[in-house]
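Student: Got a structure for you, questions after.
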Amino acid sequence: MRKQRIDGQETRRNLLKAASEIFAKKGFRDATIAEICNQAKANVAAANYHFGGKEALYVESWRFAFEKSLKTYPPDGGVAAHASVEEQLRGRILAIMRRVIDPQSYEFDIFYNEMANPTGLLAGAVQQSIEPIFRGFAAIVRELLGKQSAEQQVRLCLMSIRAQCFGPLMRERRRKIASPDPLPSSSEWNLDDLETLVDHVTRFSLAGIREIRSRMESVVSAEQHA
Numbered sequence: 647m648r649k650q651r652i653d654g655q656e657t658r659r660n661l662l663k664a665a666s667e668i669f670a671k672k673g674f675r676d677a678t679i680a681e682i683c684n685q686a687k688a689n690v691a692a693a694n695y696h697f698g699g700k701e702a703l704y705v706e707s708w709r710f711a712f713e714k715s716l717k718t719y720p721p722d723g724g725v726a727a728h729a730s731v732e733e734q735l736r737g738r739i740l741a742i743m744r745r746v747i748d749p750q751s752y753e754f755d756i757f758y759n760e761m762a763n764p765t766g767l768l769a770g771a772v773q774q775s776i777e778p779i780f781r782g783f784a785a786i787v788r789e790l791l792g793k794q795s796a797e798q799q800v801r802l803c804l805m806s807i808r809a810q811c812f813g814p815l816m817r818e819r820r821r822k823i824a825s826p827d828p829l830p831s832s833s834e835w836n837l838d839d840l841e842t843l844v845d846h847v848t849r850f851s852l853a854g855i856r857e858i859r860s861r862m863e864s865v866v867s868a869e870q871h872a
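Here you go:
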């Protein structure tokens, strides 16, 4: 009985692994259960038993890829909770960028295909999975902005930081998928370059946040002395 349970868990994992790769490459509509089962070395009955259908397998494969990516690259970037808030910000930025440049981070490609050809199936899973990370990131930005910051300012700063993290690296990721070229392009990022980019985005973001905080404090001070 125990062996059957272990075999079942292994089959389920193999299906999720295969599905995440195939959905990342082809999207929901062009991927087939037969192709996924063939790569996972499982039969269609096993896929139906574990997931009940293609829709559930799609959602769970995205969640599987996302959790695998987070396990490899924790959201804090390996920075201790007692580190300075500036170091914590850099850790968050580093973690995002490491995930984006890793070709095994299939959750990005699955989500990109979903955005290009929406099914509406991933919305709940994505929100549920990303919200805790968003809250942790927002807490760091809120601390940097100061007690007088409004929630809108926190969200705007987060939007700017995330755009810097995802923008250039996601374009490069999609370029490599669309045109797999054995020769690196002049814009391709590697792990050595990544540290330079992380440092730049961190410095740029901190400078912007400090400027916003300074302006807010000036307004508060003027109001107090009015």
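The numbering of the sequence shown is my numbering, which starts it at 647 and goes up by one.
Note that the Cβ used here is the ideal one computed from N, Cα and C, for glycine as well.
A quick note: this is a predicted structure, and the numbers were derived from the prediction, not measured.
Counting pairs of Cβ atoms below 8 Å between the stretch 707-720 and the stretch 660-667, do you hit three or more?
Tutor: With the cut-off at 8 Å, the stretch 707-720 and the stretch 660-667 touch.
Student: So is the beta-carbon of F812 under 7 Å away from any non-hydrogen atom of the ligand COA?
Tutor: You won't find the ligand COA in this model; it holds no ligand whatsoever.
Student: Does the stretch 712-723 come close enough to the stretch 681-692 to have 3 or more Cβ pairs within less than 8 Å?
Tutor: Verdict: no, contact absent.
Student: Roughly how many angstroms separate the alpha carbons of T842 and I742, rounded to a whole number?
Tutor: The straight-line gap from Cα to Cα measures roughly 14 Å.
Student: Could you tell me whether the Cβ atoms of L804 and I747 are closer together than 8 Å?
Tutor: Result no, Cβ atoms of L804 and I747 do not sit closer than 8 Å.
Student: Inspect the beta-carbon positions of L735 and L852 and report whether they are closer than 8 Å.
Tutor: Yes, Cβ-Cβ distance for L735 and L852 is below 8 Å.
Student: Given a cut-off of 8 Å on the beta-carbon distance, is the pair Q794 and V866 in contact?
Tutor: Yes.
Student: Among residues of its own chain, excluding the 5 on either side of R859, which ones have a beta-carbon nearer than 6 Å to its beta-carbon?
Tutor: Cβ neighbours of R859 beyond the five flanking positions: L791, G792.
Student: In angstroms, rounded to a whole number, what distance separates the CA positions of A769 and R744?
Tutor: Answer to the nearest angstrom: the Cα atoms are 24 Å apart.
Student: Do the stretch 673-680 and the stretch 755-767 make contact, defined as three or more Cβ pairs closer than 8 Å?
Tutor: Flag = yes, the stretch 673-680 and the stretch 755-767 touch.
Student: Helix, strand or coil: how does DSSP classify K700 here?
Tutor: In the structure shown, K700 sits in a helix (DSSP, three-state: H, G or I).
Student: On the three-state DSSP scale, how would you describe A688?
Tutor: Coil.
Student: Count the other CB atoms, across all protein chains shown, that sit within 10 Å of the CB of F669; report buried if there are 16 or more and exposed otherwise.
Tutor: F669 is buried by the Cβ-count criterion.
Student: How big is the Cα-Cα spacing for P764 and V772?
Tutor: Those two C-alpha atoms are separated by around 13 Å.
Student: Check for me: the alpha helix (DSSP H) holding D748 runs from which residue to which?
Tutor: No alpha helix (DSSP H) contains D748, which DSSP labels as neither H nor E.
Student: Assign R598 to buried or exposed, taking buried as 16 or more other Cβ atoms, counted over all protein chains shown, within 10 Å of its Cβ.
Tutor: The requested residue 598 does not occur in the structure, where the chain is confined to residues 647 to 872.
Student: Exposed or buried, which one is F697 when buried takes at least 16 other CB atoms within 10 Å?
Tutor: That one is buried.
Student: Output the distance between the C-alpha atoms of G642 and F812, rounded to the nearest integer angstrom.
Tutor: This structure leaves residue 642 out entirely; the chain is present only between 647 and 872.
Student: Between the C-alpha atoms of I779 and P721, what's the straight-line distance to the nearest angstrom?
Tutor: Approximately 7 Å, taken between the alpha carbons.
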